[in-house]
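Residue numbers (the working numbering): 3 to 259.
Quick look at the structure:
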């Protein structure tokens, strides 16, 4: 499969100065704007004494994070440091973004955003758009063996048939395998869930949304059940994606209802 480029406007490579990279912890930072959101990608380098590093940069680590394994601590710290720098770049208050009881981020009243990790790579988006919701997801490409194992759990029977037909009928320079389609659809469902969760506040099954179309840079999902009184079955939402050699990234924006 060939690599597609972002539809968003790239602001600059290594755009975030000042605090980043933090003691060599965050590296390869790059940023761009997408539909009014400032989005950043970075990699973090695991290192000892993460709690001390967090304290030095005034990042509060919740008790459950302090008790977590080092990888989870590193993910949390990297995400909050990246969000802190986005707040600075946007001229927003650098308030702590702590997890709620359900582990979802508690965004300040005038801010909305989203965050995703995959291995030692992360992506974060933020904006002063309180009427909108953002969902981002970053996933490593699944293998054919993983498709065989996970496909029926993530995809409905309708979607499994759609994927088989799509693979057989596709033409052009970009050719998808079943496992790549599964990865993209999974990432899209995760991003959509993050975007809708602040309005719905309930856990939804993977089959609560189904793929309807995939183009060179977008994927269309349709809600198959009511997610809330305002997000009803039949609602269709387009999401943007970027396919890379090792990862796929999906961005979703919705207006709060």
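Here a beta-carbon is modelled for each residue, glycine too, at the ideal position from N, C-alpha and C.
Residue i beta carbon near the ligand NAD (any heavy atom closer than 6 Å)
i	result
residue 62	Within the structure as shown, the ligand NAD is missing, as the structure has no ligands at all.
Cα-Cα separation between residue i and residue j, rounded to whole angstroms
i	j	result
residue 56	residue 255	30 Å
residue 199	residue 229	9 Å
residue 129	residue 94	9 Å
residue 201	residue 131	15 Å
residue 174	residue 103	47 Å
residue 40	residue 197	16 Å
residue 116	residue 99	11 Å
residue 167	residue 191	20 Å
residue 54	residue 75	11 Å
residue 203	residue 111	17 Å
residue 239	residue 158	18 Å
residue 171	residue 179	12 Å
residue 210	residue 244	23 Å
residue 1	residue 50	Summary: the structure shown does not reach residue 1, with the chain confined to residues 3 through 259, and so no result is reported for it.
residue 14	residue 160	With a pLDDT of only 37 at residue 14, under 50, the local geometry of the prediction cannot be trusted, and no value is derived from it.
residue 71	residue 156	27 Å
residue 30	residue 235	41 Å
residue 233	residue 257	11 Å
residue 108	residue 36	22 Å
residue 143	residue 69	30 Å
Local Cβ density within 10 Å of residue i, reported as buried at 16 or more and exposed below that
i	result
residue 135	buried
residue 65	exposed
residue 216	buried
residue 127	buried
residue 96	exposed
residue 205	exposed
residue 26	exposed
residue 113	buried
residue 119	buried
residue 146	exposed
residue 44	buried
residue 165	buried
residue 33	buried
residue 89	buried
residue 213	buried
residue 247	exposed
residue 133	exposed
residue 52	buried
residue 86	buried
residue 1	In the structure displayed, the chain extends from 3 to 259; residue 1 sits before or after that span and is not available.
Which residues DSSP lists as bridging residue i, in chain order
i	result
residue 110	DSSP output for residue 110 lists no bridge partner at all.
residue 27	According to DSSP, which records beta bridges pairwise, residue 27 is partnered with nothing at all.
residue 263	Outside the shown range of the chain (3 to 259) lies residue 263, about which nothing can therefore be said.
residue 50	Answer is none; residue 50 lacks a bridge partner.
residue 101	107
Residue i vs residue j beta-carbon contact at 7 Å
i	j	result
residue 122	residue 46	yes
residue 181	residue 149	yes
residue 227	residue 241	no
residue 250	residue 185	yes
residue 194	residue 153	no
residue 42	residue 83	no
residue 78	residue 67	yes
Discussion item. My parser needs the beta strand (DSSP E) runs of 3 or more residues fully inside the stretch 115-154; what are they?
Written reply: 123-129, 134-142
Discussion item. Restricting to runs no shorter than 4 residues, where is the alpha helix (DSSP H) found entirely within the stretch 203-253?
Written reply: none
Practice prompt. Within the stretch 156-202, note down every full alpha helix (DSSP H) run reaching 4 residues or more, in order along the chain.
Written response: 159-171, 180-202
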